[in-house]
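Each remark here refers to the structure printed beneath this line.
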RNA sequence: GGGGCGUUAGCUCAGCGGUAGAGCAUUCGGCUUUUAACCGACCGGUCGUAGGUUCAAUCCCUACACGCCCCA
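Numbering (this note's numbering), first residue to last: 2 to 500.
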């Protein structure tokens, strides 16, 4: 029962003693009490009532929640309990409660989960309070809560013991409430446009749909290697081939890469596909979606993120990849921006390591990452991505160096990636071959040749637009969170040693 | 992978080369309208881990672990 690293100290021993007393007096974990009222609902209804009318109304309420504050003053006490909706104060009086109950109550601890029945009244300072007639412990809490004033501040504990963080920090609860609200807004936004939510495999025999290192796993019965998916893209487009013309999926992707304030090994992605649309339609969709979320969460089109003001009210800026590179690299000669030798020399001067298989498009992307992305604070679309780094995107009709692809940036971060889908199976086959040769040249992130996907394209994918939005980064933006860990209920952490 | 910062009581934090500190919480006593309630007393520590330097290390040095931030 005891384990050293679990802080089995005197405080917990004391509470275990109290729990065994509760056990002696009957069921220590009763589950027959029923709540009738929520804290927030009572405040809404009665905060404005005056003392006298509340006293004459004699409103009986029953609440359940965790005791967060306990102030004992001799024969009467004030406590506060917290339920999912908020907090409410309760007054306990020795002479009002059943015989002996007040003495029992004095042994209860902050953190215990209680059920209280009583009459609503206003205190001298006009605080809505329940005058208790009945009080019971539903769950004894064995671990002391963090200090009442400063709360739980330690980042590591907040991430590892999210339950304690959620008990103590309203800001943290609010982030996750906003997260849920945003995701459900996205669903209703897409559902109202006749998109169909689907689920596609999380384990792939051929990893694909993105440029990233996968996690590997093994299926024992079938004795086969499987990969946790890095993207659902190729499966969703198979569904469009099948005739589901508008599909989306909100689910986890897994990438075997570093951890940072922007990256977690598993993260949530929205991907959507719409037949008979192109990337410009999806730029518009991104604008509509961002404005919708901004209104739902902040009731405004201007929000604040980490001291930056972000304005969604104006039409979002649009620049091509080459335009933005020239904008932030004044010394690049635009006529040479597709010249391999020129670009290679330029990139190397700025410290970018150029691998043998890099073409001018890949070098453009490297320069963009290093010199442009950080400046894209206001909502901005960068479009016309090089074909070389866009193996699943449709080539531009007038210029095969680029594709009909965009990425969307806010506060210096990529939030979305969308394009007109490559639906020419023969072109796609060529692009896969180039990826395979990159892999042979040592590129660990290059895509594999997906034969079944080519087969699907050969049946015919209608002209289609696709879009992916990183949900976690989106939540960061709208909850003003500096780290992805702040918007993940259980962020990745190194294994905790309990020895 | 590199650099910086951090790890002291259950929590929030001070501190110092010479017996380890505060507030809150706990325990005991007082208190029937409190708001970080208040008043009094007590209790609470392998100072992240392992080495090293030193008469003496929580403090200085090294390595490691974990975390946060920045860079690749």
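Glycine included, C-beta positions come from ideal geometry on N, C-alpha and C. All of these numbers come straight from a predicted model, not from anything done at the bench.
- Item | DSSP three-state assignment for residue 53, whether helix, strand or coil | helix
- Task: Less than 8 Å between the CB atoms is what I'm expecting for residue 272 and residue 233, so what's the real figure, rounded?
- Result: 5 Å
- Task: Figure out for me which residue from 69, 94, 74, 391 has the closest Cα to the Cα of residue 82.
- Result: 69
- Drop a sphere of 10 angstroms on the beta-carbon of residue 141, count the other beta-carbons inside from all chains shown, and report buried for 16 or more, exposed for fewer. buried
- Task: If I'm right that residue 136 touches residue 115 with Cβ under 8 Å, what's the distance once you round it to whole angstroms?
- Result: Right, the Cβ-Cβ distance comes to about 6 Å (below 8 Å), so this counts as a contact.
- Message: Measuring only the C-alpha atoms, how far is residue 499 from residue 493?
- Response: 17 Å
- Proximity to residue 40 [Cα-Cα], best of 62, 418, 111: Of the candidates 62, 418, 111, the one whose C-alpha sits nearest the C-alpha of residue 40 is 62.
- To the nearest whole angstrom, what separates the beta carbons of residue 479 and residue 77, a pair I think is in contact under 8 Å? The pair is not a contact, with the Cβ atoms about 45 Å apart (cut-off 8 Å).
- N- and C-terminal bounds of the beta strand (DSSP E) containing residue 407: 406 to 411
- Query: Which whole-angstrom value describes the C-beta separation of residue 466 and residue 245, a residue pair presumed to lie in contact below a C-beta threshold of 8 Å?
  - Reply: The Cβ separation is near 15 Å, so there is no contact.
- Query: What's the gap between the Cα of residue 331 and the Cα of residue 442?
  - Reply: 33 Å
- Classify residue 334 as helix, strand or coil using the three-state DSSP reduction. coil
- Have a look at 241, 209, 95, 169 and flag the residue whose alpha-carbon is nearest the alpha-carbon of residue 196. 241
- Query: On the three-state DSSP scale, how would you describe residue 421?
  - Reply: When secondary structure is reduced to three states using DSSP, residue 421 falls in the strand class.
- Query: How would you label residue 157, buried or exposed, when you count the other beta carbons within 10 angstroms and need 16 or more for buried?
  - Reply: Its Cβ having fewer than 16 others within 10 Å, residue 157 is exposed.
- Run through the segment 100 to 150 for me and flag every whole alpha helix (DSSP H) of 4 or more residues, listed as ranges in chain order. 102 to 106
- State the DSSP-derived secondary structure class of residue 21, mapped to helix, strand or coil. helix
- Query: Among all the DSSP beta bridges, which residues are the ones paired with residue 219?
  - Reply: 226
- Under 8 Å between C-beta atoms of residue 249 and residue 191: yes
- Task: Please report the residue range of the beta strand (DSSP E) in which residue 252 lies.
- Result: Segment 247 to 255, the beta strand (DSSP E) holding residue 252.
- Task: Classify residue 209 as buried or exposed, calling it buried when 16 or more other Cβ atoms lie within 10 Å of its own Cβ.
- Result: buried
- Message: Quick check on DSSP: helix, strand or coil for residue 210?
- Response: coil
- Query: Helix, strand or coil for residue 261 per DSSP?
  - Reply: In the structure shown, residue 261 falls within a coil segment according to DSSP collapsed to helix, strand and coil.
- Name the residue from 211, 230, 212 whose alpha carbon lies nearest to the alpha carbon of residue 218. 230
- Message: Rounded to the nearest angstrom, what separates residue 303 and residue 474 at their Cα positions?
- Response: Computed Cα separation, rounded: 18 Å.
- Message: Given this structure, state the Cα-to-Cα distance separating residue 256 from residue 390, to the nearest angstrom.
- Response: 18 Å
- alpha helix (DSSP H) runs contained entirely in the segment 377 to 401, provided each spans 4 or more residues: none
- Message: Excluding the 5 residues flanking residue 424 on each side, which residues of the same chain have their C-beta closer than 8 Å to its C-beta?
- Response: 395, 458, 461, 462, 463, 464, 465
- Item | Proximal residues to residue 510 (C-beta, below 6 Å), its chain only, five neighbours per side dropped | This structure gives no information on residue 510, because the portion of the chain shown stretches from 2 to 500.
- Task: Give the range of the beta strand (DSSP E) segment to which residue 165 is assigned.
- Result: Not the beta strand (DSSP E): residue 165 falls in the alpha helix (DSSP H), residues 163 to 169.
- Message: Looking at the secondary structure, which residues open and close the beta strand (DSSP E) in which residue 274 lies?
- Response: 267 to 276
- Assign residue 125 to one of two classes, buried (16 or more other C-beta atoms within 10 Å of its C-beta) or exposed (fewer than that). exposed
- For the segment 425 to 436 against the segment 401 to 409, are there 3 or more C-beta pairs whose distance is under 8 Å? no
- Task: Check whether the Cβ atoms of residue 43 and residue 139 lie closer than 8 Å to each other.
- Result: no
- Residue from 34, 49, 71 whose Cα sits closest to the Cα of residue 64: With distances taken between Cα atoms, residue 64 lies closest to 34.
- Message: Once the 5 residues before and after residue 5 are set aside, which same chain residues still bring their CB inside 7 Å of it?
- Response: The predicted model places residue 5 with a pLDDT of 34, which falls under 50 and marks its position as unreliable; any figure quoted below should be read in that light. Answer for residue 5: no residue qualifies.
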